[in-house]
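Okay, structure first, notes after.
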Amino acid sequence: MLIRVPAAFEPSPSEITPRLVYLKRRELIAAAGLLAAGTGHGAAKLLATRSSVAGAVVMDKLTTQQDATSYNNFYEFGTDKADPARYAHTLKPTPWSVAIEGECAKPGRYDLETLLKLAPMEERIYRLRCVEGWSMVIPWVGYSLAELLKKAEPSSKAKFVEFTTLADRGQMPGLRSGVLDWPYVEGLRIDEAMHPLALLAFGMYGEVLPNQNGAPLRLALPWKYGFKSIKSIVKIRFVEKQPRSSWEQAAPREYGFYSNVNPTVDHPRWSQATERRIGEESSSGFGALLAKRRQTLMFNGYEAQVGQLYAGMDLKKNY
Ligand code: MTE
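Here this note's numbering is used: position 107 in the sequence shown is 107, and no number is missing along the way.
Okay, here's the thing in C-alpha cells:
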C-alpha cells in the first residue's frame, strides 16, 4: 500500500522559490544552447524555457549552486564528496558523442552539437534523493530522454535501456580504484526511460553541466535514488534482458535494479524513512543535533506522475 504524506507537499512561504530568483535565472539563460568553440565549456549558457512536466511542480527552496557543485558523488574521480569538484577538471566534455545501439531500427552516433539541438531545452526543478540519506533541489536544463530514444525507433525487443559512462583512465583518476567495476553502467525499463519525467540533462542553474555533475550529459530521474542518474554518458543500448547496473553488481542486496525512492523499504544498513536536505543542516555542534530531517516521500514526491509504472508490483521485492 502506498501512503502519501500530503503535509509535505504544502511548502511554507520560505520554501517557495522566490519569483525574483526565477526571473533572474530566466534572464541568465539567454544565449543559444551551443558550446561555441572558444567560449570554453564552463562558460556556456543554455537556452531553456520553464516546464512543469505532467503536473510535477517542486516548490522547495533550491539547493545553492555552490552546494550542488561541491558535494558530489562521481566515483570516477574519487569517493570523497569533495573529490569530483577537486579532480574532475581533467574530464574533457568536448568533443563528445553518444553511441545508440542494440534493438532499434536506427542505431547511430550523435555528437554533442546535434544532441543539444535535438529538442527544445527546458528548465526543470527536481528533487534528487541520494540513497545515502541526503537530498537536494536542482534546476536542471535538458529535455525528456524520450526525445532522443524515439529517434532510434526501438524495436519490440527493446524491453530495457542500458546506459554507460565514459571510462578513460587518462581523464578519470578514480578508475584506478576497484570500488566499482568500470565503466559505470545503469539501466531502466523501456517505459521508465520513455516517461516524460526522465530527463536528459545538459545543464543546471542555467549553465552547462560542470564536470563534477556529469558533463556534458547525464540522466536526472527524480523518483529514483540518485545513483540511477548516470553521469557523462557515452553509450545508450536497447536490450531485451534486464541490464545489471554497477551498483547491483557491487552489492546486489543493497542496490536493486529499480531503486525507486521508497520510505517504507529500508536499505539493509539504514532507514530510508527520512532525509537531510543539503544546506539546511549546521555542520557541527548543537546545530547539527537540531538539524531538521524531512520525511522521505514515496517515489520522492512524484507518485502522481510515475506510480502507474509500478501498478501491481511488489515494491519490497522489486527494490
Ligand atoms: N554516475 C557516474 N558515472 N558515477 C557515479 O559515481 N554517482 C551517482 C549518480 N551518477 C555516480 C553517477 C550518485 S550515487 C548520485 S547521488 C548522483 O550521481 C549524484 O549527482 P550529483 O553529484 O550531481 O549530485
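Ideal Cβ placement from N, Cα and C applies to all residues, glycine included.
Exercise for the section: Return helix, strand or coil for Ile278, following the three-state DSSP convention. Expected result: Coil at Ile278, not helix or strand.
Practice task
Would you identify the three-state DSSP class for Trp223, choosing helix, strand or coil?
Solution key: Looking at Trp223 - three-state DSSP - the assignment turns out to be coil, as it is neither helix nor strand.
Exercise for the section: Might you give, ordered along the chain, the residues of its own chain that have their beta carbon closer than 6 Å to the beta carbon of Gly102, omitting 5 neighbours on each side? Expected result: Here Gly102 has Arg237, Phe238, Val239 as same chain residues with Cβ atoms under 6 Å from its own Cβ, once five neighbours each way along the sequence are excluded.
Problem - Run of the alpha helix (DSSP H) containing Arg320, from where it starts to where it stops - result: Shown here, the chain extends from 1 to 319; a query on residue 320 therefore has no answer.
Problem - Residues that Met204 bridges to, as DSSP identifies them - result: For Met204, the pairing in a beta bridge is given by DSSP as Trp140, Glu207.
Exercise for the section: Indicate the three-state DSSP secondary structure (helix, strand or coil) for Thr264 in the structure shown. Expected result: In the structure shown, Thr264 sits in coil (DSSP, three-state: anything other than H, G, I, E or B).
Practice task
Could you tell me whether any non-hydrogen atom of the ligand MTE is closer than 7 Å to the CB of Cys104?
Solution key: Between the ligand MTE and Cys104, a heavy atom-to-CB distance of less than 7 Å is absent.
Exercise for the section: Output the boundary residues of the beta strand (DSSP E) element that contains Lys150. Expected result: Element bounds for Lys150: not the beta strand (DSSP E) but the alpha helix (DSSP H), 145-151.
Exercise for the section: Could you pull the start and end residues of the beta strand (DSSP E) that Val98 belongs to? Expected result: Annotation: the continuous beta strand (DSSP E) that includes Val98 extends over 97-102.
Problem - Rounded C-alpha distance that separates Pro84 from Phe74 - result: C-alpha separation (whole angstroms): 6 Å.
Problem - Alpha-carbon spacing of Ala82 relative to Met172, whole angstroms - result: The C-alpha of Ala82 lies about 15 Å from the C-alpha of Met172.
Problem - Own chain partners of Arg276 with C-beta closer than 7 Å, once the 5 adjacent residues on each side are dropped - result: Same-chain partners within the cutoff: Gly133, Trp134, Ala291, Arg293.
Exercise for the section: Identify, in the order they occur along the chain, each residue of the same chain with its Cβ nearer than 8 Å to the Cβ of Lys92, setting aside the five sequence neighbours on each side. Expected result: Excluding residues within five positions, the ones whose Cβ falls inside 8 Å are Gln171.
Practice task
With DSSP collapsed to three states, give me the class of Val185.
Solution key: In the structure shown, Val185 sits in a strand (DSSP, three-state: E or B).
Problem - Candidates Met136, Thr64, Met313, Leu315, of which the one nearest Pro222 by Cα - result: Residue Met136 is the option with its Cα nearest to Pro222.
Practice task
With a threshold of 7 Å, establish whether the CB of Met172 neighbours any heavy atom of the ligand MTE.
Solution key: No, the Cβ of Met172 stays beyond 7 Å of every heavy atom of the ligand MTE.
Handout entry: Nearest-angstrom Cα separation, counted from Leu197 out to Gln305
Key = If I take the Cα positions, the gap works out to 8 Å.
Handout entry: Delimiting residues of the beta strand (DSSP E) encompassing Thr165
Key = Its beta strand (DSSP E) spans residues 160-165.
Exercise for the section: Alpha carbon to alpha carbon, how far is Met313 from Ser232? Give it in angstroms, no decimals. Expected result: Cα to Cα, the separation comes out at about 31 Å.
Practice task
Excluding the 5 residues preceding and the 5 following Glu192 in the sequence, name in chain order all residues of the same chain whose CB lies nearer than 7 Å to its CB.
Solution key: Within the same chain, Glu192 has close Cβ partners Ala198, Leu309.
Problem - Three-state class that DSSP yields for Glu240 in the structure shown - result: Look at Glu240 here: in three-state DSSP terms it is coil, with no helix or strand label.
Practice task
Please work out which residues of its chain come closer than 7 Å, Cβ to Cβ, to Glu147, disregarding the five sequence neighbours upstream and downstream, and give them in chain order.
Solution key: For Glu147, the CB contacts under 7 Å within the same chain, skipping 5 residues up- and downstream, are Leu118, Ala119 in chain order.
Handout entry: Coarse secondary structure for Lys157, derived from DSSP in three states
Key = DSSP places Lys157 in coil when its eight states are reduced to three.
Exercise for the section: With Ile190 as the anchor, note down where its alpha helix (DSSP H) starts and where it stops. Expected result: Taken as a continuous stretch (DSSP letters only), the alpha helix (DSSP H) holding Ile190 covers 190-194.
Exercise for the section: Out of Met59, Tyr87, Glu122, state which residue places its alpha-carbon closest to the alpha-carbon of Glu207. Expected result: Across the set Met59, Tyr87, Glu122, the C-alpha of Glu122 shows the shortest separation from the C-alpha of Glu207.
Problem - Whole-angstrom distance between Lys106 and Glu76, CA atom to CA atom - result: Straight across, the Cα-Cα distance linking Glu76 with Lys106 is about 31 Å.
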